[in-house]
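Peer 1: The sequence shown lines up with residues 32 to 271 when you count with this note's numbering.
Note that beta-carbon positions come from the ideal geometry of N, C-alpha and C, so glycine has one too.
After the structure tokens below, expect a handful of questions from me.
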Amino acid sequence: MNFTWVSNLCNDFWLVQAPRAAAAVFIIFNLVAMQLYPGGTIHNPHSANYHLTQNFFSDLGRAVAYNGVQNFHSSLIFNLTLLIIGITFSIFYFTLPEFFRHSRANHTLAKIGTLFGLLGGLSFIGVALTPSDLYLNQHILFANGIFRMALATSLCFGVVIYRSDVMPSKYAFGYVFFALFLAVYIAISEFGPNARESEAAMIFQVVTQKLIVVVFLLSVVYQTFGFSNNPDLIKSKQLA
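Laid out in structure tokens, this is it:
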């Protein structure tokens, strides 16, 4: 069965422009959201403003900040960026199997990677819909899902790209390095110090979260160069 509408998504906008724009929007808009955050951290609810090393990203999405003040503007911006990221990255990964149809094994593994990519995209959306101060368990489930699904996606596409001649191997290695960063972060979040134990533990977890988010965004942007540097690859799918 040939889903031509999937091929229609294989264009410069969804494979290059949208992911880059989504990453930029996430960074810029959340810098604004940080300025609008009323204040408070896990260990110091009376602190003023947002602190890069003491506030998690999820603090921006709280309905009420730790200092007890309504957090409408910050949460609106933060959750909107998560929705944009979730939708954009889902479409990006949804189109990728189209480029690996020449090998049944690669195409199958690419579809498995896409499944995890879609679940990761839905996890972004899930985080946006479950503020940590209202739906903590669900929020943690979706937040953990983002990085675990991304790990599986990276491993799948790292293997697929390495096995194929569709893209240079450097993009496969990009996925592998991203997977290593994700594995380390997941281990830290699971076995590292609990952020509620002490302020030092909180700072450690907050900083590692900031780092992995930056790596996450840079990784996706890096993969878009596999298409922008090879425009004929996109054209071949548009003409198929």
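Using DSSP bridges, identify the partner residues of V215.
Peer 2: Its beta-bridge partners do not exist; DSSP assigns none.
Peer 1: Secondary structure at Q101, three-state DSSP: helix, strand or coil?
Peer 2: strand
Peer 1: From the DSSP output, in three-state form, read off G71 for me.
Peer 2: coil
Peer 1: Cβ atoms of Y206 and F178: under 7 Å apart, would you say?
Peer 2: Against a cut-off of 7 Å, the Cβ pair of Y206 and F178 comes out as no contact.
Peer 1: I58: which of V246, F256, F235, A218 sits nearest, CA to CA?
Peer 2: Comparing Cα-Cα distances from I58 to each of V246, F256, F235, A218, the minimum goes to V246.
Peer 1: Express the C-alpha separation of N42 and L242 in angstroms, rounding to a whole number.
Peer 2: 30 Å
Peer 1: Please name the residue or residues paired with V197 in a DSSP beta bridge.
Peer 2: Paired residue(s): none; V197 is not in a bridge.
Peer 1: By how many angstroms is the C-alpha of N102 removed from the C-alpha of G152?
Peer 2: 25 Å
Peer 1: With distance defined between alpha-carbon atoms, name the residue in I122, H138, T239, V237 nearest to A192.
Peer 2: For the record, residue 192 in the displayed sequence is Ile; it is not Ala. Closest option to I192, Cα to Cα, is H138.
Peer 1: In three-state terms, what does DSSP make of N261?
Peer 2: coil
Peer 1: Go through its chain and collect everything with a Cβ distance to I265's Cβ below 7 Å, but skip five positions before and after it.
Peer 2: C41, N42, D43, L46, F258
Peer 1: Thinking C-alpha only, which one of A64, A141, N75 is nearest L107?
Peer 2: A64
Peer 1: Could you spell out the range, first to last residue, of the alpha helix (DSSP H) harbouring L150?
Peer 2: 135-160
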